[in-house]
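Residue numbers (my numbering): 19 to 233.
Note sheet for the following structure.
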Ligand SMILES: Nc1nc2c(c(=O)[nH]1)N[C@H]1C(S)=C(S)[C@@H](COP(=O)(O)O)O[C@H]1N2
Ligand SMILES: [Mo]
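As structure tokens, then:
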């Protein structure tokens, strides 16, 4: 079939380019993966985004104020631990390093980890380097449009790999929390939702760090 042929062709190309991590295969779709229900936002006036933990001053933004923050467009290859990968995906949103460099957020020197806090108590833990690297974006838009509810509307953490650049900070997609409501800066690592269910704390896609322990 045409669809199948195209999938295989594109997979062959990204594989030749060294962009297909071990154990992954390409999808042209955009699967939806999460635990629990999708939040419905009826009233954006009650939505807040909060930065807390080891910061000089805790901060809270309204949706309106969040949209005034400096923004970026990024292109990522995204890799799900359940073995699908999607290439050259286009996102727009806010990057934490831009906020730090602009003095909008001041983190303490002892910070080593960032915990993303999402609706319904979903959390995921990431090393500070991955969040400060280009790999992590707090995304409001995918493919030029606001996120679909199932993909994280109205804000999601997005963890992806820069096309063609292998980095230690290339992590699996679950390290991006959908329906993101806050970031906690921490000195110690703390397992999040999927990490408590057995997923890897470190989640490097090139080393296939999928699950905790060795099995
Ligand atoms: N809030 C929340 N975010 C989440 C999850 C979840 O269960 N809850 N699952 C993660 C997992 S396991 C993956 S693979 C990606 C999937 O993102 P997608 O549904 O946009 O493809 O979201 C991640 N973010
Ligand atoms: Mo996942």
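We put the beta carbon where it would ideally sit given N, CA and C, even for glycine.
Being a predicted model, the structure only gives us computed values, none of them experimental.
Assigned exposure category for residue 42 - 16 Cβ within 10 Å defines buried = The residue given as residue 42 occupies position 24 in the chain shown. Looking at its Cβ environment, which holds 16 or more other Cβ atoms inside 10 Å, residue 42 is buried.
Within the segment 112 to 149, note down every full alpha helix (DSSP H) run reaching 4 residues or more, in order along the chain.
-> 114 to 119
Among 33, 162 and 167, which has the Cα closest to the Cα of residue 60?
-> Start at 1 with the first residue of the chain shown, and residue 60 comes out as number 42. Checking every option, the nearest Cα to that of residue 60 belongs to 167.
Indicate, with yes or no, if ligand 1 has a heavy atom lying under 7 Å from the CB of residue 231.
-> Here residue 231 refers to the residue found at position 213 when the chain shown is read from its first residue. Residue 231 Cβ: outside cutoff for every heavy atom of ligand 1.
Can residue 155 and residue 90 be called in contact, C-beta distance under 8 Å?
-> Residue 155 sits at position 137 when you count from the first residue of the chain shown. Residue 90 sits at position 72 when you count from the first residue of the chain shown. It is a contact, given that the beta carbons lie within the stated cut-off.
Which class does residue 226 belong to by DSSP, given the choice of helix, strand or coil?
-> Within the chain shown, the letter at position 208 stands for residue 226. Three-state result, residue 226: coil.
Is residue 143 buried or exposed, if buried means 16 or more other CB atoms sit within 10 Å of its CB?
-> Translated into positions along the chain shown, residue 143 becomes position 125. Result: buried.
Please go through the segment 189 to 225 and give each complete alpha helix (DSSP H) segment of 4 or more residues, from N-terminal end onward.
-> 211 to 214
Compare the C-alpha of residue 136 against each of 65, 148, 217 and 36 and name the closest.
-> As a working mapping, residue 136 is identified with position 118 in the chain shown. Nearest C-alpha to residue 136: 65.
Below 8 Å between beta carbons: does that hold for residue 32 and residue 105?
-> For the purposes of this step, residue 32 is identified with residue 14 of the chain shown, where counting begins at 1. For the purposes of this step, residue 105 is identified with residue 87 of the chain shown, where counting begins at 1. For residue 32 and residue 105, yes; Cβs fall inside 8 Å.
Fully enclosed by the segment 32 to 119, which beta strand (DSSP E) runs are 3 residues long or longer?
-> 66 to 71, 77 to 80, 90 to 97 and 102 to 112
Hey, out of 182, 201, 183 and 187, whose CA is closest to residue 174's CA?
-> Residue numbering aside, residue 174 sits at position 156 when the chain shown is read from its first letter. With distances taken between Cα atoms, residue 174 lies closest to 201.
By DSSP, does residue 167 sit in helix, in strand, or in coil?
-> Working through the chain shown from its first residue, we reach residue 167 at position 149. Helix at residue 167.
What separation, rounded to the nearest whole angstrom, lies between the Cα atoms of residue 186 and residue 222?
-> Numbered from 1 along the chain shown, position 168 holds the residue referred to as residue 186. Numbered from 1 along the chain shown, position 204 holds the residue referred to as residue 222. About 7 Å.
Within 5 Å of ligand 2: residues by beta-carbon to any heavy atom | 51, 98, 99 and 192
Taking contact to mean at least 3 C-beta pairs separated by less than 8 Å, is the segment 122 to 141 in contact with the segment 199 to 219?
-> yes
Run the CB neighbour count on residue 39, radius 10 Å, all protein chains shown included, and call it buried at 16 or more, exposed below.
-> Working through the chain shown from its first residue, we reach residue 39 at position 21. Buried.
Smallest Cα separation from residue 171: which of 37, 101, 96 and 81?
-> Against the chain shown, residue 171 aligns to sequence position 153. The candidate whose alpha carbon is nearest that of residue 171 is 81.
Name the one or two DSSP bridge partners that residue 26 has.
-> Working through the chain shown from its first residue, we reach residue 26 at position 8. Paired residues: none, contrary to the question.
Please name the residue, chosen from 225, 128 and 139, that lies closest to residue 205 on a Cα-to-Cα basis.
-> Here the question's residue 205 lines up with position 187 in the chain shown. Of the listed residues, the one whose Cα sits closest to residue 205 is 128.
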